[in-house]
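A.B. asks:
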Amino acid sequence: MTPGRRSSTFTRLLRHGFTDASAAERLLDSPELAAVRDDPVLLEALGATADPDLALHGLVRLLEAQPGPTAHRELLDTLIAAKPLRDRLLGVLGASAALADHLARHPRDWEALVTYEPRDLHPGVAEFERGLAEAGDPVGLRVAYRRCLLSIAARDVCGTTDVAETAAELADLATATLRAALALAEHAAPEDAAACRLAVIAMGKCGGHELNYVSDVDVIFVGEAAAGADEAKALRSATKLASHMMRICSETTVEGSIWPVDANLRPEGRNGPLVRTLSSHLAYYQRWAKTWEFQALLKARPVAGDRELGQEYIDALEPLVWKAAERENFVTDVQQMRRRVVENIPVAEVDRELKLGPGGLRDVEFAVQLLQLVHGRADATIRSGTTLVALQALAAGGYVGRADATQLDDAYRFLRSMEHRIQLYRLRRTHLVPEDQADLRRLGRSLGLRTDPETELIREWKRHTGVVRRLHEKLFYRPLLDAVAQLGPAEARLSPKAARERLEALGYADPAAALRHLEALASGVTRKAAIQRTLLPVLLGWFADSADPDAGLLNFRKVSDALGKTPWYLRLLRDEGAAAENLARVLSAGRLAPDLLMRAPEAVALLGDSDGAREGGSPGGGLEPREHAQLEREILAAVGRADNAEDGVRAARGVRRRELFRTAAADIVDSYGTETNPAEADQGALVDRVGGAVSDLTAATLAGTLRAVVRDGWGDTLPTRFTIIAMGRFGGHELGYGSDADVLFVHEPREGVAEREAADAANKVVSEMRRLLQIPSADPPLLIDADLRPEGKSGPLVRTLKSYAAYYRRWSLVWESQALLRAEPVAGDEELGRSFIDLIDPLRYPAEGLGEDAVREIRRLKARMESERLPRGADPKLHTKLGPGGLSDVEWTVQLLQLRHGWAEPGLRTTRTREALAAACAAGLLGSEEASILDEAWVLATRVRNAVMLVRGRAGDTFPPESRELAAVGRYLGYGDGHVGDMLDAYRRTARRARVVVEELFYGA
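If you want our numbering, it's the position in the sequence shown, counting the first as 1, plus 2.
1. When we look at the beta-carbon of Pro627 and count the other beta-carbons within 10 Å, is it buried (16 or more) or exposed?
2. Per DSSP, which one or two residues make a beta bridge with Thr725?
3. CB-CB under 7 angstroms to Ala702, same chain, minus the five flanking residues each way: which ones, in chain order?
4. At what residue ranges does the stretch 295-378 contain a whole run of the alpha helix (DSSP H), taking only runs of 4 or more?
5. DSSP three-state call for Arg659: helix, strand or coil?
6. Who are Leu200's beta bridge partners in DSSP?
7. For Asp597, name the three-state secondary structure that DSSP assigns.
8. Just to check my reading of the structure: Ala52 and Ser419 have Cβ atoms closer than 8 angstroms, yes? What is that Cβ distance to the nearest angstrom?
9. With C-beta atoms as the reference, is Arg916 less than 9 angstroms away from Ser779?
10. What do you get for Lys804, buried or exposed, if any count of 16 or more other CB atoms within 10 angstroms of its CB means buried?
11. For Val982, which residues from the same chain have a beta carbon less than 7 angstroms from its beta carbon, with the 5 sequence-adjacent residues on both sides left out?
12. Just to confirm before moving on: does the CB-CB distance between Pro603 and Val561 stay below 9 angstroms?
13. Measuring alpha carbon to alpha carbon, tell me which of Leu790, Asp552, Gln534 ends up nearest Phe732.
14. Find the nearest neighbour of Gly706 within the set Met729, Val692, Arg772, judged by alpha-carbon distance.
15. Please state the DSSP three-state secondary structure of Val527.
16. What's the gap between the Cα of Thr425 and the Cα of Asp41?
17. Return the residue from the list Pro680, Val165, Arg132, Gln337 that minimises the CA-CA distance to Ala182.
18. At the level of alpha carbons, what is the spacing between Pro908 and Ala865?
19. With DSSP run on the structure shown, which of helix, strand or coil describes Val277?
20. Check the C-beta distance from Glu750 over to Arg723 and give it rounded, since I have them as a contact under 8 angstroms.
21. Does the separation of the CB atoms of Gln820 and Leu901 fall below 9 angstroms?
22. Considering only the alpha carbon of each residue, which of Arg465, Phe1004, Ala26 lies closest to Ala856?
23. Strictly by DSSP, which residues pair up with Gly1?
24. Can you tell which of Arg404, His474, Arg303 has its C-alpha closest to the C-alpha of Leu319?
25. Go to Arg871, then tell me how far its alpha helix (DSSP H) extends in each direction, as first and last residue.
26. Could you say if the stretch 338-346 and the stretch 386-396 meet the contact criterion of at least three C-beta pairs nearer than 8 angstroms?
27. Among the residues of its own chain, which have a CB less than 6 angstroms from the CB of Leu56, if the five just before and after it don't count?
28. Looking only at its chain, what residues have a beta carbon closer than 6 angstroms to the beta carbon of Asp412, apart from the 5 residues adjacent to it on each side?
29. DSSP on Thr453, reduced to helix/strand/coil?
30. Taking the alpha carbon of Pro827 as the reference point, which residue from Ala743, Arg430, Leu556, Val38 has its own alpha carbon closest?
31. With a threshold of 9 angstroms between beta carbons, is Val651 in contact with chain D?
32. Give the straight-line distance between the Cα atoms of Ala196 and Ala100, rounded to the nearest whole angstrom.
33. Counting along the chain, where does the beta strand (DSSP E) carrying Val800 start and finish?
34. Under a Cβ-count criterion, where at least 16 other Cβ atoms within 10 Å of its own Cβ denotes burial, should Gly650 be classed as buried or exposed?
35. When the Cα atoms are used, what is the spatial distance from Val768 to Leu928?
36. Please work out which residues of its chain come closer than 6 angstroms, Cβ to Cβ, to Leu358, disregarding the five sequence neighbours upstream and downstream, and give them in chain order.
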């Protein structure tokens, strides 16, 4: 052979995908291929296989094994002339060294690939039984099995069948093989066969019609006595037949083994009898079976032996399978079992584990099976034992999103294809992705990845496992499942009668109205109605856990009506963590949060997981409070985009409404707790979160409103420097949901600007801010209260820094020094704000503390306030603001300590009540027990005020008189049904203890 000829052939071989072109040249030059060596058809066909080198080597071995020249010539002629055979035979030889070995041992078996008729394209059990019919012993059965397997593999690698069809064919071949093996066992022991009825139940992948190339075939045996036979003897005979059948399939012979037959899924596992009667099976599952055993029964299917007995087994156990989800801790058991599977994978293999590793096949199967067991109780359409069929049915029923189902289907098919091709190579039971480059190349090419097979394979594998891992966590651990699993079977899907019964049992005050809401939400055949029917049984239970379930359901209908056509709303509730339960809590906890939500229902997206923007265009979610700087940036940006001040403030108020809803929703969820997260135990933390969030939001809203007004009236620069000082609860970061914004306004004319012009501008700013923040709209108003300014309502709204200094120097009263303890700049000119704080610090923290006259004056004012300001008819012991042990008692006590000792104790120089109280304790100004009593009383009174606003939608300082509202306040504070009296007693007790401390510390009693 000339060097040029060799070089040309060498290059062609490389171009056709050969990796060892030199060895391929030698094989092509062998006598076996001399007649077709230069035929381009052969080289093209070899290049199309997963591993051209392997295919060529296998072809040469097959030709060498032909019994004579005639057989040799027949194979070559058919190979070149018949494309179906060429593609099938070379495709198998290029994908499976094990089947190449079989063909070398049985050189005429290639003829099984010649037939190419419609019935040959999708054979079933009957066709495979015919293919195995001539096997008269275990060795013959193995040969016949491999011949049938050869045709399945050929259809697979050529793309005639997809991965699901291939898995079904493998399961059908296993069925035919079990029947043939049982027939051999019965033929060897006819007396045993006559004494019993034996049914073979396929489990696992064989039962599910989705078998691998190499897999244990899981079975369960059911035996009964034949007519007139003794049961004990019959069971012994059945056990002998079953054992022999297992050995026929499992034992290694000169032709190897078929696959192990595994009966360990039977009752009691390997410790239990191999064969049981149907009644024994039933008794075990009724009394002793664990959750995983019912999960395994999802795939049970009679495949061999006495078919009538097999069907009786299925009929008897199927009802138990669909009751498994009612077992205590069912969902948790299944989830823990999946975790244990992952934890038991050797560390060195976990990243290569295709089946059991995170994002692997088992994740898809477990998620689908869990959804089936939970929802299949009332929906027979999703009870298939085949994973992909069940997944399709779950999507059709609205239990899984269509997009999620499509992604899972694609990923499962890809991963199963990888598993099939890995096992097909050596016909060995493995689920590990190979590490060798040649193996990865062959695997990638077998899946159609030809440009850079290794890199493309790893990339696609990782992409699909990432999808599975994400969706598995989303579906498998979806909190809704746990709640649906705890419903009675009659409740999982709502018939009108069942709904009415449940509504009455749950304590709905108006079941008729509630039922009308349910019918409006869940009737019809639309996908939206199907998802609602899945959600509603669970939501009804969550609504009933509140004091006003009727309001919760009504509000849910309103939100659903408003958002029903948006693509993300129902998907959010079905798929997104605790969103559905959070929504149920919020809608049934009172008026404030639902009212805020109804004004902009898209804010429901906040109840989902805080993972940013959501697929499908829904707004970003999460209930964590946002930082002041974030809020101010957003509001200022919205104002900057507006055409005028009114539009700018409207945008700022819209942000405020949304963030008030976020704060209220988080407060409700944290106070109620959810089924996965208990209620927040630290009541002080809840109060601080609400006070901080609402105060930050108010400050940001004022900053945005100030910017809008100044820009609209004066452009970039106001003629006077202007700042807003927060006072009262606003300055103390302790605002409640219904609090006004107590403020002072300070201005300072810019250089060259007349004082009158500056004052007029400042007053216009204040007037316009107040007007814009109170314009009637869908957004709640923000009332600005400047009554704490010098001279109160009689004094000017805005003063210069010099005017404040002159007033405080000459006219200031002790109560004004006390009010200034809460002063803190929140918007406007920062330097001017700092100057104001420098001005007032000597007043609120006087050197050497307050004199005795000033202390007496404060005590006199407090006593007068208690006697004159308490509303007529109010119960002083239950008034959270002015009653004994209420907010006023605690705050005045703390503020007196600040006025007296703030000059010497830096920790007391804070606007926040709880911080100042802790600092006073740390300084030894009161004992830790006294501090704890005061803190507990202040926190409880604040919580009650927040609860009243959440429940009634309007502010209040005492417990509501209406029983349902009072119960709702109790639920918010952690008191269950029937414990309102305990709540009121606890409040009185806490306030009474605080009053004792106040009498001692404030009044000096």
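Backbone N, C-alpha and C define an ideal beta-carbon position, used for all residues, glycine too.
Remember, it's a predicted structure, so these values are computed and weren't measured experimentally.
C.D. replies: Answer, in terms of the structure:
1. buried
2. Val748, Gly830
3. His630, Leu633, Glu634, Ile637
4. 309-323, 332-345, 363-377
5. helix
6. Gly225
7. helix
8. About 12 angstroms separates the two Cβ atoms, so there is no contact after all.
9. no
10. exposed
11. Leu968, Ala969, Gly972
12. yes
13. Leu790
14. Arg772
15. coil
16. Reading off the sequence, residue 425 comes out as Gln, not Thr. For Gln425 and Asp41, the distance between alpha carbons rounds to 32 angstroms.
17. Arg132
18. 29 angstroms
19. strand
20. 4 angstroms
21. yes
22. Phe1004
23. Since the displayed the chain opens at 3 and closes at 1007, residue 1 lies outside it and no answer follows.
24. Arg303
25. Careful: Arg871 lies outside any alpha helix (DSSP H) and carries neither H nor E.
26. no
27. Gly96
28. none
29. coil
30. Ala743
31. Among the chains in the structure shown there is no chain D, since it carries only a single protein chain.
32. 39 angstroms
33. 800-802
34. buried
35. 42 angstroms
36. Val343, Ile347, Arg364
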